[in-house]
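Just below is one structure, and these are the notes that go with it.
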Amino acid sequence: MRIAIVHKDRCHAKKCGTECIIYCPRVRTGDETVIIGEEGKAVISEELCVGCGICIKKCPFGAIDIVSLPEELEQPTHRYGKNGFALYGLPIPIEGKVTGILGANGIGKSTAVKILSGQLRPNLGNFDTEVAWEEIFKRYAGTELFDYLQTVSKKSLKIASKPQYIDYIPKVFSGTVRSLLQKTDERGKLDEMLPALKLNAILDHDISTLSGGELQRVAIAACLARDADFYFLDEITPFLDIYQRIAAAKLIRELAAERPVVVVEHDLAILDMLADTVHVGYGKPAVFGIITRLKGVRVGINQYLEGFLNEENVRFRTTAVVFEKRAHDKGSNREDLFIIPAMTKEYESFHLTVSGGTVKSGEVLGIVGANGMGKSTFAKLLAGVETPTTGKMETILRISYKPQYIKADTSDSVEMYLRRHTTKFDTSYYQHEIIESLSLESILQSPVDSLSGGELQRVTIAGCLSQEADLYILDEPSAHLDVEQRVKVTRMIKHHAEGKQVGIMVIDHDIYLIDMISERILVFEGEPGIAGTAAGPFKMRDGMNRFLDELDVTFRRDQSGRPRINKPGSFLDREQKSSGEFYYYTADEE
Numbered sequence: 371m372r373i374a375i376v377h378k379d380r381c382h383a384k385k386c387g388t389e390c391i392i393y394c395p396r397v398r399t400g401d402e403t404v405i406i407g408e409e410g411k412a413v414i415s416e417e418l419c420v421g422c423g424i425c426i427k428k429c430p431f432g433a434i435d436i437v438s439l440p441e442e443l444e445q446p447t448h449r450y451g452k453n454g455f456a457l458y459g460l461p462i463p464i465e466g467k468v469t470g471i472l473g474a475n476g477i478g479k480s481t482a483v484k485i486l487s488g489q490l491r492p493n494l495g496n497f498d499t500e501v502a503w504e505e506i507f508k509r510y511a512g513t514e515l516f517d518y519l520q521t522v523s524k525k526s527l528k529i530a531s532k533p534q535y536i537d538y539i540p541k542v543f544s545g546t547v548r549s550l551l552q553k554t555d556e557r558g559k560l561d562e563m564l565p566a567l568k569l570n571a572i573l574d575h576d577i578s579t580l581s582g583g584e585l586q587r588v589a590i591a592a593c594l595a596r597d598a599d600f601y602f603l604d605e606i607t608p609f610l611d612i613y614q615r616i617a618a619a620k621l622i623r624e625l626a627a628e629r630p631v632v633v634v635e636h637d638l639a640i641l642d643m644l645a646d647t648v649h650v651g652y653g654k655p656a657v658f659g660i661i662t663r664l665k666g667v668r669v670g671i672n673q674y675l676e677g678f679l680n681e682e683n684v685r686f687r688t689t690a691v692v693f694e695k696r697a698h699d700k701g702s703n704r705e706d707l708f709i710i711p712a713m714t715k716e717y718e719s720f721h722l723t724v725s726g727g728t729v730k731s732g733e734v735l736g737i738v739g740a741n742g743m744g745k746s747t748f749a750k751l752l753a754g755v756e757t758p759t760t761g762k763m764e765t766i767l768r769i770s771y772k773p774q775y776i777k778a779d780t781s782d783s784v785e786m787y788l789r790r791h792t793t794k795f796d797t798s799y800y801q802h803e804i805i806e807s808l809s810l811e812s813i814l815q816s817p818v819d820s821l822s823g824g825e826l827q828r829v830t831i832a833g834c835l836s837q838e839a840d841l842y843i844l845d846e847p848s849a850h851l852d853v854e855q856r857v858k859v860t861r862m863i864k865h866h867a868e869g870k871q872v873g874i875m876v877i878d879h880d881i882y883l884i885d886m887i888s889e890r891i892l893v894f895e896g897e898p899g900i901a902g903t904a905a906g907p908f909k910m911r912d913g914m915n916r917f918l919d920e921l922d923v924t925f926r927r928d929q930s931g932r933p934r935i936n937k938p939g940s941f942l943d944r945e946q947k948s949s950g951e952f953y954y955y956t957a958d959e960e
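Take a look at the structure:
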């Protein structure tokens, strides 16, 4: 079974020499294996294609993928037209449980949910004509999805969903938080959710004025408040601190006792705590995706990280995602690069105090703290975007800053965007360290304003690190990135700091990313939205214990080294709290 994919957003037949046609062996013998279609894009005949792979290598824009699949995958669940993305398999919502979907971005998770919610009828690969429901039922006869799809076909299923990209909400709704949530409170549970998600203080705020964290919590509350047969939440953690993530997870668990819930999440610690079962999605992003059968949450996550599915006997990744057990406190002797000045910043309702400190050459300094403590304000003060009320930024250092909230404000291609940030775009070092490390090759010709949230995040990180600077500040670089992309970003940032002997500050709520990337840590404490204080920098052990103690959360590692949140009140939770060790550690880190 062979499928040929043409990425239409990357195919630019007017800009190339139609190498896919010229070099195709079957075209040279007279067959029309590859042609330019009516839309001006390449069209490949899968029946005539021999899978030589020449067109893949010759296409200057990387617009073609040809993949050979096992014969049992001959008929997809859904396919987006000729030479379009193909999805195989579907997740199974289960009464009384939270079902997780774990996989890379672009693997078909959103397509699967559209089918489950009745927004999209599966075409079983027959994209030319609409497939009758009877044929779909015949395909799923005897499976767990048979009864569910019958309900979907009758359009009697009510779906509540939380979208992945919450920044679209202000574009479709205007008014206060209170007016939005009152419209969605169909279950009469809003009074319980407001204090749990700490939304009471912003009920009279206009939706357009909310921060990303506030908007995320409002979106979660609006979804969970609806009276639906099936709930779908796409990424609940972006812009939320650990406390808020756990609070949201508890609310979802309570709802799942009554209704089936499906969650897509890339924060493995939260997914582990939240889900009962998981489906692993694998394949090649934007080419094909395969959704596995149900697995236990611990087994599913570990198999995904290993890159090998035992039951299916499939290896879908050549290397495993390894969780290092770093000895942070051993550290290394580095020279001071930058002295953080003591300063304050006063707003009408918020006060930030920075006691000062140092950033070392070649160091990545992690910055953690609850939302509303002033972390982004601190980054803006250092970057010169904001001016301190007292104290002064006296430095001749060059500073490059990636803000928390990013916008696609240009229609230029990704390549042109990056060329404006660096003169080294054509060097082999830049291509290897930036372009390849962030997997940007395939989207270089795509307009910046057409990118997905994850793609835009990677491009913005590249833009920040492309500039010649002494200090780089990255605010929430993990937002909308999948697990594998987060690992790549972590390695690249560490390599960039050490290779160029520059300082890098990373603000993030992903504990694994902060753990892997940081040598020291800056902790923000105080009262969210009222007053914040920057304490440190500390050694990792001291800083994380201080931070997690404040949040009343303990972490541990399992045998694979994977970070896991201890269930509140469990034996390990009580044991770590009694010993004052909120931050996970192992004997070799002593």
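So the sequence shown is numbered by our numbering: it starts at 371 and just counts up by one. Beta carbons: idealized from backbone N, C-alpha and C, even for Gly.
{"Query": "Range covered by the beta strand (DSSP E) that runs through residue 713", "Result": "713–716"}
{"Query": "For residue 978, the nearest candidate out of 408, 411, 427 (CA to CA)", "Result": "Here the chain has residues from 371 to 960 only, and residue 978 is not among them."}
{"Query": "Endpoints, the beta strand (DSSP E) within which residue 355 is located", "Result": "There is no way to answer for residue 355, as the model of the chain reaches only from 371 to 960."}
{"Query": "At least three beta-carbon pairs within less than 8 Å, the region 904–914 to the region 589–607", "Result": "no"}
{"Query": "Coil, strand or helix - residue 742 by DSSP", "Result": "coil"}
{"Query": "Neighbourhood of residue 819 by C-beta, 7 Å cutoff - its chain only, sequence neighbours within 5 removed", "Result": "778, 780, 781"}
{"Query": "Cα-Cα separation, residue 945 to residue 932", "Result": "19 Å"}
{"Query": "Cβ contact check for the region 481–498 and the region 527–539: 3 or more pairs under 8 Å", "Result": "yes"}
{"Query": "Three-state secondary structure (DSSP) of residue 818", "Result": "helix"}
{"Query": "Residue 745 classed as buried or exposed, judged by whether at least 16 other C-beta atoms fall within 10 angstroms", "Result": "buried"}
{"Query": "Residues sharing a beta bridge with residue 909, DSSP", "Result": "890"}
{"Query": "Residue from 643, 852, 755, 398 with nearest C-alpha to residue 418", "Result": "398"}
{"Query": "Buried/exposed call for residue 338, threshold 16 Cβ in 10 Å", "Result": "Outside the modelled stretch of the chain, which goes from 371 to 960, sits residue 338, for which no answer is possible."}
{"Query": "Contact the region 490–508 vs the region 676–693: 3+ CB pairs below 8 Å", "Result": "no"}
{"Query": "Spatial neighbours of residue 857 in its chain, beta-carbon cut-off 6 Å, leaving aside the 5 residues before and after", "Result": "691"}
{"Query": "Three-state secondary structure (DSSP) of residue 413", "Result": "strand"}
{"Query": "Residue 405, buried or exposed, once every other Cβ within 10 Å from all chains shown has been counted against 16", "Result": "exposed"}
{"Query": "Own chain, CB closer than 6 Å to residue 698, minus 5 neighbours either side, in chain order", "Result": "Unreliable placement is indicated for residue 698, whose pLDDT of 49 sits below 50; no coordinate value is reported for it."}
{"Query": "Distance between residue 924 and residue 701 (C-alpha atoms, nearest Å)", "Result": "The pLDDT assigned to residue 701 is 48, lower than 50, so where the model puts this residue is not dependable, and the model offers no usable value."}
{"Query": "Same chain, Cβ closer than 7 Å to residue 634, five either side skipped, listed in chain order", "Result": "471, 479, 604, 605"}
{"Query": "Span of the alpha helix (DSSP H), counted from its first residue to its last, around residue 942", "Result": "941–949"}
{"Query": "7 Å CB neighbourhood of residue 860 in its chain, flanking five on each side removed", "Result": "883, 886, 887"}
{"Query": "Chain-order list of residues whose beta-carbon lies under 7 Å from that of residue 597 (same chain, five-residue window excluded)", "Result": "556, 557"}
{"Query": "Same chain only: Cβ atoms within 8 Å of residue 490, ignoring 5 sequence neighbours per side", "Result": "448, 481, 484"}
{"Query": "Per-residue burial, residue 425 [other beta carbons within 10 Å of its own, 16 or more giving buried]", "Result": "buried"}
{"Query": "Option nearest residue 854 by Cα separation, candidates 651, 423, 771, 409", "Result": "651"}
{"Query": "Spatial distance of residue 502 from residue 509 (CA atoms)", "Result": "11 Å"}
{"Query": "Neighbourhood of residue 389 by C-beta distance below 8 Å, restricted to the same chain and skipping five residues each side", "Result": "425, 428, 429, 430"}
{"Query": "Span separating the alpha-carbon of residue 877 from that of residue 507", "Result": "49 Å"}
{"Query": "Local conformation of residue 770 per DSSP, three classes", "Result": "strand"}
{"Query": "Supposed contact pair residue 591 and residue 625 - C-beta distance, whole angstroms, cut 8 Å", "Result": "Residue 625 to residue 591, Cβ: 11 Å. No contact."}
{"Query": "Rounded straight-line distance, which links the Cα of residue 385 to that of residue 670", "Result": "44 Å"}
{"Query": "Runs of alpha helix (DSSP H) wholly within the region 578–614 (minimum 4 residues, chain order)", "Result": "582–595"}
{"Query": "C-alpha distance - residue 377 paired with residue 828, whole-angstrom precision", "Result": "19 Å"}
{"Query": "Residue 643 burial status per 10 Å Cβ neighbour count (16 or more: buried)", "Result": "buried"}
{"Query": "Own chain, CB closer than 6 Å to residue 942, minus 5 neighbours either side, in chain order", "Result": "926, 936"}
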